[in-house]
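Engineer: Here it is, the structure in full.
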Amino acid sequence: MSVTRIQPRRSFSFFEWKEIVEYRDLLYFLALRDIKLRYKQTSLGAVWVILQPLVPAIIFAVLFGNFARLPSNGQPYLLMVFTGLIPWGLFSNSIGRAGTSLVANSGLLSKIYFPRLIIPLASMGSVVVDGLVSLGVLVVLLALFGVGLGWHLLAAPFFLLAAFLMGLGLTLIVASLNVYHRDFGYAVPFALQAWNYLTPIVYSSSLIPERWQFLYSLNPTVGLIEGFRWSVLGGVPITVTMMASMVSGLVASLVIGMAVFQKIERGFADIV
Numbered sequence: 180m181s182v183t184r185i186q187p188r189r190s191f192s193f194f195e196w197k198e199i200v201e202y203r204d205l206l207y208f209l210a211l212r213d214i215k216l217r218y219k220q221t222s223l224g225a226v227w228v229i230l231q232p233l234v235p236a237i238i239f240a241v242l243f244g245n246f247a248r249l250p251s252n253g254q255p256y257l258l259m260v261f262t263g264l265i266p267w268g269l270f271s272n273s274i275g276r277a278g279t280s281l282v283a284n285s286g287l288l289s290k291i292y293f294p295r296l297i298i299p300l301a302s303m304g305s306v307v308v309d310g311l312v313s314l315g316v317l318v319v320l321l322a323l324f325g326v327g328l329g330w331h332l333l334a335a336p337f338f339l340l341a342a343f344l345m346g347l348g349l350t351l352i353v354a355s356l357n358v359y360h361r362d363f364g365y366a367v368p369f370a371l372q373a374w375n376y377l378t379p380i381v382y383s384s385s386l387i388p389e390r391w392q393f394l395y396s397l398n399p400t401v402g403l404i405e406g407f408r409w410s411v412l413g414g415v416p417i418t419v420t421m422m423a424s425m426v427s428g429l430v431a432s433l434v435i436g437m438a439v440f441q442k443i444e445r446g447f448a449d450i451v
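This note's numbering numbers the first residue of the sequence shown as 180 and each following residue consecutively.
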C-alpha cells in the first residue's frame, strides 16, 4: 500500500512543477470553468473578447491620433495602440482576474488538497484565450492596413511570454496577500490604472523628453510594450535599458512571487 505524506516545505524552492503536471486535469477543468463562466448568459459571448481591446483602440486612435496628433513613429496610430494593448492586456488582466482567485475559490481551498498554484494559473487561462483572440484581430488589422511582416516578428512570442510571466509573478503576490488583507483586491485596479498611464500604450515612448528617457525606461513594462510593438510593426528597436529593465522586472516578480506564495500558502485554508 502506497502512502502519500503531505507536509510543508522547510526551505525555499521553485514550485514542484511535476506536481502541477500530475494535476493537469484539474488545471484544465478549472480554466475551462472560468472561461465558460466569464461569458455565461451573455448575448454576444466571445464577441466581447474582440470588442474589449478593439473599441478602446479605435477611440484612442481618433482622440490622440486624429485630434491631438500625437506621433506614432510613422505607423498607423490604430495599430500602434492595438499592439500596445495586447501585451498590456495579458499582463494587467492576469493580475486583475487571478489576483482575487484564491478568495473566490475558498470552498476548494478548505476542502481538498491540490497544488494551490493551480487556482491562479487556471484564472489566467481566460486571459490567455483573450490574448489569442486579440492576436487574430491584429492579423486582420495588419492585412487591412497592408503592413508587411519582417524577421523581427520572431521576437513577438518572447515578449508575450514575458508579459505572461511578469503577470504571473505579480499575480502570486497579490493573490497571496489578498487572502490575508482584502484591501489588495481594491487597491490593485487603482495601481494598474496608474501604471497604465506610465506605460507607452496609447502613445509612443519617443514622446518622452530625452532627459527623462533613462528614468522612464526603468519601468519594466516600457520594454515589454515597445518590444512587442517593434516585433510586429518594425521601426526603432528597444534600447538596452528597456530590455534590461524588462528582464530584471520579470525575474524579480517571479522570484518574489514564488517566495511569497510558498511562505504563506500553508495558511490559506485557515484564513480564507
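Glycine included, each C-beta is placed from N, C-alpha and C at the ideal position.
Pick out the complete alpha helix (DSSP H) segments inside the region 332-397, 4 residues or longer, and give them in chain order.
Structural biologist: 335-359, 362-376, 392-396, all fully within the region 332-397.
Engineer: Residues in its own chain within less than 7 angstroms of Ala-277 by CB, not counting five upstream and five downstream?
Structural biologist: Cβ within range, chain order: Pro-299, Ser-302, Met-303, Thr-350, Ala-354.
Engineer: Do you know offhand how far Leu-320's Cα is from Ile-352's?
Structural biologist: So the two alpha carbons sit approximately 36 angstroms from each other.
Engineer: Please classify Trp-391 as buried or exposed, where buried requires at least 16 other C-beta atoms within 10 Å of its C-beta.
Structural biologist: Exposed, since its Cβ has fewer than 16 Cβ neighbours within 10 Å.
Engineer: Contact check, Gly-176 vs Arg-408 under 8 angstroms by CB: the rounded distance?
Structural biologist: Here the chain covers residues 180 to 451 and nothing more, so residue 176 does not appear.
Engineer: Tell me whether Phe-337 is buried or exposed, calling it buried when 16 or more other Cβ atoms sit within 10 Å of its Cβ.
Structural biologist: The residue is exposed, with fewer than 16 neighbouring Cβ atoms inside 10 Å.
Engineer: For Leu-323, which of Val-419, Thr-400, Pro-255 has the nearest alpha-carbon?
Structural biologist: Checked all of Val-419, Thr-400, Pro-255; the closest Cα to Leu-323 is Pro-255.
Engineer: Since Ala-335 and Ser-410 are thought to touch, with beta carbons under 8 angstroms apart, how far apart are those beta carbons, to the nearest angstrom?
Structural biologist: Indeed they touch by this definition, with Cβ atoms about 4 angstroms apart.
Engineer: Could you tell me whether the region 379-393 touches the region 239-258, using the rule of 3 or more Cβ pairs below 8 angstroms?
Structural biologist: Touching, per the Cβ criterion.
Engineer: Leu-356 and Gly-436 look like a contact to me (Cβ under 8 angstroms); what is the Cβ gap, rounded to whole Å?
Structural biologist: 11 angstroms between Cβ atoms; not a contact.
Engineer: Does the distance from the C-beta atom of Ser-396 to that of Ser-424 stay below 8 angstroms?
Structural biologist: Cβ atoms of Ser-396 and Ser-424: closer than 8 angstroms.
Engineer: Would you decide whether Ser-289 is buried or exposed? Buried here means 16 or more other CB atoms lie within 10 Å of its CB.
Structural biologist: Label assigned to Ser-289: exposed.
Engineer: Could you check what DSSP says for Pro-255 in three-state terms: helix, strand or coil?
Structural biologist: Pro-255 falls in the coil class under three-state DSSP.
Engineer: Would you report the Cα separation of Ile-229 and Val-316, rounded to the nearest angstrom?
Structural biologist: In a straight line, the C-alpha of Ile-229 is about 7 angstroms away from that of Val-316.
Engineer: Could you work out which residue in Lys-197, Asn-375, Pro-294 is closest to Trp-267 when comparing CA atoms only?
Structural biologist: Considering only alpha carbons, the answer is Asn-375.
Engineer: Which residues mark the beginning and the end of the alpha helix (DSSP H) in which Arg-217 is found?
Structural biologist: Per DSSP, Arg-217 belongs to the alpha helix (DSSP H) from 203-217.
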